[in-house]
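A short worksheet on the structure shown next.
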């Protein structure tokens, strides 16, 4: 863990209790004199360094020793437009998408998205928080949703589309925004709607699951 989120980070002293105390002292085995890094979500680009100065069975007291402005952000931005799939599949790759630098995900209700799949932004945000603390990233991934592809394309006409085509995504392409379909791909009506967009594929003969496609495309563009 690179740093820890705490709503009191930045104050002269921190008192750790409960699950965080258990994790840091019992699991990670930190002890007196150890130095830990904290950030406050209200000013996430400030890194606060604390030293453990007192330990009790259920409480740890930490003293602030330094605060500095230190941002850790992706070198590129990528906005992923993702047709809604099962949240369990999203959750499997969400931490990795955060780590490689995806800046925003817009979930779109596409023609082949199953209607019973619901987007759980609160749960996604908790996963991203944990990923940020593990990777050191300091920019929050943003989430939103759109009722259909047409509404999204109307707002973002520069969107590139991942689909079956002869146009292979090459290294160095600086896409800002990409659309990924759900299981089963785009419907015929959606394909017609997307005829004016630039369409690309990866250099693979295999058919990728939606979450695999998002990971592969994002990695190709960002890393």
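Residue numbers (the working numbering): 38 to 260.
For each residue, glycine too, the CB sits at the ideal point set by N, CA and C.
Please read these numbers as outputs of a predicted model, since none were measured by experiment.
So residue i packs on residue j, CB below 8 Å; how close in whole Å?
i: residue 202; j: residue 237; result: 6 Å
i: residue 248; j: residue 126; result: 5 Å
i: residue 139; j: residue 117; result: 6 Å
i: residue 42; j: residue 170; result: 6 Å
i: residue 84; j: residue 40; result: 7 Å
i: residue 96; j: residue 58; result: 7 Å
i: residue 47; j: residue 104; result: 6 Å
i: residue 99; j: residue 53; result: 7 Å
i: residue 257; j: residue 115; result: About 10 Å; that fails the 8 Å criterion.
i: residue 222; j: residue 200; result: 7 Å
Since residue i sits in a beta bridge, which residues does DSSP pair it with?
i: residue 77; result: 80
i: residue 98; result: 52, 91
i: residue 236; result: 198
i: residue 180; result: 142
i: residue 103; result: 86
Is residue i buried or exposed, if buried means 16 or more other CB atoms sit within 10 Å of its CB?
i: residue 266; result: The chain is shown only over 38 to 260; residue 266 falls outside these bounds and no answer can be derived.
i: residue 165; result: buried
i: residue 217; result: buried
i: residue 244; result: exposed
i: residue 158; result: exposed
i: residue 76; result: buried
i: residue 89; result: buried
i: residue 260; result: exposed
i: residue 215; result: buried
i: residue 38; result: exposed
i: residue 64; result: exposed
i: residue 91; result: exposed
i: residue 188; result: exposed
Under 7 Å, do residue i and residue j count as touching if we go by C-beta distance?
i: residue 60; j: residue 73; result: no
i: residue 177; j: residue 161; result: no
i: residue 224; j: residue 148; result: yes
i: residue 112; j: residue 136; result: no
i: residue 51; j: residue 82; result: no
i: residue 145; j: residue 183; result: yes
i: residue 232; j: residue 186; result: no
i: residue 151; j: residue 198; result: no
i: residue 255; j: residue 131; result: no
i: residue 240; j: residue 205; result: yes
(message) List, from N- to C-terminal side, the beta strand (DSSP E) runs of 3 residues or more that fit wholly inside the segment 106 to 133.
(response) 116 to 120
(request) Could I get the ranges of all uninterrupted alpha helix (DSSP H) runs contained in the segment 186 to 218, with 4 residues as the minimum, in chain order? (result) 186 to 192
(message) Suppose only complete runs of 4+ residues qualify. What are the alpha helix (DSSP H) ranges in the segment 39 to 79, listed by chain order?
(response) 55 to 58
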